[in-house]
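Please read the structure below before turning to the comments.
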Amino acid sequence: MAKLPVEKMRELERRFGEIEARMSEGPAADVYVKLASEYSELQPVVRKIREYEKTLGEVADLKAMLSDKTTDRDMRELAELELPEAEEKIEGLEKDMQILLLPKDAADEKSAILEIRAGTGGNEAALFAGDLFRMYERYAATKGWKVEVLSASEGEAGGYKEIIATVTGRGVFSKLKFESGVHRVQRVPDTETQGRIHTSAATVAVLPEAEDIDIEIRAEDIRIDTMRSSGAGGQHVNTTDSAVRITHMPSGIVVTSSEKSQHQNRAKAMQVLRSRLYDMERQKIDSERSANRKSQVGSGDRSERIRTYNFPQGRITDHRINLTLYKLDKMIEGDIDEMVDALIADYQAGQLAQLSEIQG
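Here's what the structure looks like:
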């Protein structure tokens with residue numbers, strides 16, 4: 001088991017106390033918001049540290065009581081009963097704190113850009129992409145997150161060839177980041193008369209939503225083209241030359257947006273571009289930092305088949321952690337917490353193992 005970083009724990013407690021003091025002084029609104037954000041982030045960690053320290057004190061007192069020859073029999077019996085419980089509690093607290101004190105992904109608290117694209121399988125792939133989007137949309141609703149579609153290209157039989165949306169809320173990226181990859185579906189399409197099972201796929205990409213301070217985009221590095229909206233008709237089409245395409249020339253990334261307002265389109269396209277560039281930079285740093293990392297979950301390879309949804313058997317399997325759940329009907333309705341939590345736990349276990357190796 002990895003050792004607890006005592007100095008880091010002391011520093012966190014010190015910083016927490018400093019923030020409490022500054023907040024009580026009534027600082028300016030913008031300063032208060034920043035302090036409150038850091039306070040809420042540190043609070044669960046410091047609460048656990050204080051509980052740990054209190055329990056350590058209890059264990060020390062119980063041991064002192066047992067080693068003291070003047071302790072009467074009743075008190076000694078009580079101490080003998082309480083000591084194993086207190087020591088077991090310490091073990092649990094140490095495990096909890098190791099996870100809380102793991103190096104944080106700077107993007108974990110951010111909102112996210114969700115991109116879903118139909119892969120192999122034609123119309124059925126587009127329908128499945130639509131199912132995935134609704135699954136994440138319903139999951140977001142249970143978390144109180146806001147979902148806003150930035151752009152969508154509908155499939156001929158329904159669903160989406162491609163859909164890009166923002167998912168806004170605290171900690172969105174930390175929950176959804178392991179959803180990136182190829183999702184495969186096995187089911188009998190509505191159009192299949194022979195009852196044969198078809199396999200199709202959709203690709204999911206989850207990017208941390210970047211802000212201006214996260215990534216700098218120089219005006220000379222982008223080309224902005226304005227085009228007439230095109231589509232199958234509908235109330236917003238042909239109302240204005242509103243579609244915007246932004247090309248980031250150094251990276252070759254192209255982003256389009258085609259809503260009613262040209263101003264909105266530009267803002268939305270820049271939002272997606274910023275997030276893609278930020279994600280690209282993160283991936284590059286991550287690869288350099290851990291070229292020989294063993295954790296599959298954290299690899300972020302979007303060409304990797306990560307999950308299979310088998311409708312005839314009602315099962316869903318995540319291939320990275322070999323987890324199969326027979327609750328596909330609930331999961332496709334947005335109840336994906338069990339899968340999400342298992343992926344996070346597996347990733348954290350990998351981080352703890354690496355920490356133990358380094359300390360060993």
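Numbering (the UniProt record's numbering), first residue to last: 1 to 360. Backbone N, C-alpha and C define an ideal beta-carbon position, used for all residues, glycine too.
Asked, Found
"For chain E, find out if any of its Cβ atoms is closer than 8 Å to the Cβ of G334; answer yes or no.", "In summary, chain E is missing from the structure at hand, where a single protein chain is found."
"Entirely within the stretch 53-125 and at least 4 residues each: give me those alpha helix (DSSP H) ranges in chain order.", "73-100"
"Residues in its own chain within less than 7 Å of P250 by CB, not counting five upstream and five downstream?", "D221"
"If we ignore side chains and look at the alpha-carbon of each, how far apart do residue 361 and A140 end up?", "It is not possible to answer for residue 361, since the shown part of the chain is limited to 1 through 360."
"Using the beta-carbon count (16 or more within 10 Å), is E124 buried or exposed?", "buried"
"When you compare only the Cα positions, how much space is there between T70 and E80?", "15 Å"
"When you compare the CB positions of I163 and A129, do they come within less than 8 Å of one another, or not?", "yes"
"So which of T166, K284 and S180 has the shortest CA-CA distance to K146?", "T166"
"Tell me where the alpha helix (DSSP H) around G159 begins and ends.", "No alpha helix (DSSP H) contains G159, which DSSP labels as neither H nor E."
"Using the three-state DSSP reduction, which class does Y309 fall into: helix, strand or coil?", "strand"
"Can the beta-carbon of I113 be found less than 8 Å from the beta-carbon of L132?", "no"
"Thinking C-beta only, is S180 closer than 8 Å to V206?", "yes"
"So, at 6 Å on beta carbons, what are the nonlocal neighbours of G314 in its own chain, with the 5 sequence-adjacent residues on each side left out?", "Y326 and L328"
"Who are the Cβ neighbours of E82 in its own chain at under 7 Å, not counting the five residues just before and after it?", "L62"
"How many angstroms separate the CA atom of A60 from the CA atom of S67?", "11 Å"
"List, from N- to C-terminal side, the alpha helix (DSSP H) runs of 4 residues or more that fit wholly inside the stretch 172-221.", "172-176"
"Closest to Y160 by C-alpha separation, out of K95, V149, R76 and A21, would be which residue?", "V149"
"Using alpha carbons as the reference points, say which of L4, F311 and A353 lies closest to Q186.", "F311"
"Who are the Cβ neighbours of D72 in its own chain at under 7 Å, not counting the five residues just before and after it?", "none"
"When DSSP labels each residue in this structure, what does R315 get in the three-state scheme?", "strand"
"Given that a residue counts as buried once 16 or more other Cβ atoms are within 10 Å of its Cβ, and exposed if not, what is E209?", "buried"
"CB I336 to CB M135, shorter than 8 Å?", "yes"
"T142 bridges to which residues according to DSSP?", "T142 pairs with nothing; no bridge assigned."
"Let me know the secondary structure DSSP gives R223 once reduced to three states.", "strand"
"Where E53 and V46 are concerned, what is the direct C-alpha to C-alpha distance, given to the nearest angstrom?", "10 Å"
"Helix, strand or coil for S40, going by three-state DSSP, please let me know.", "helix"
"Among all the DSSP beta bridges, which residues are the ones paired with E148?", "T166"
"Quick check on S40: buried or exposed, where buried means 16 or more other Cβ atoms within 10 Å of its Cβ?", "exposed"
"For Q348, which of G119, K95, E11 and L56 has the nearest alpha-carbon?", "K95"
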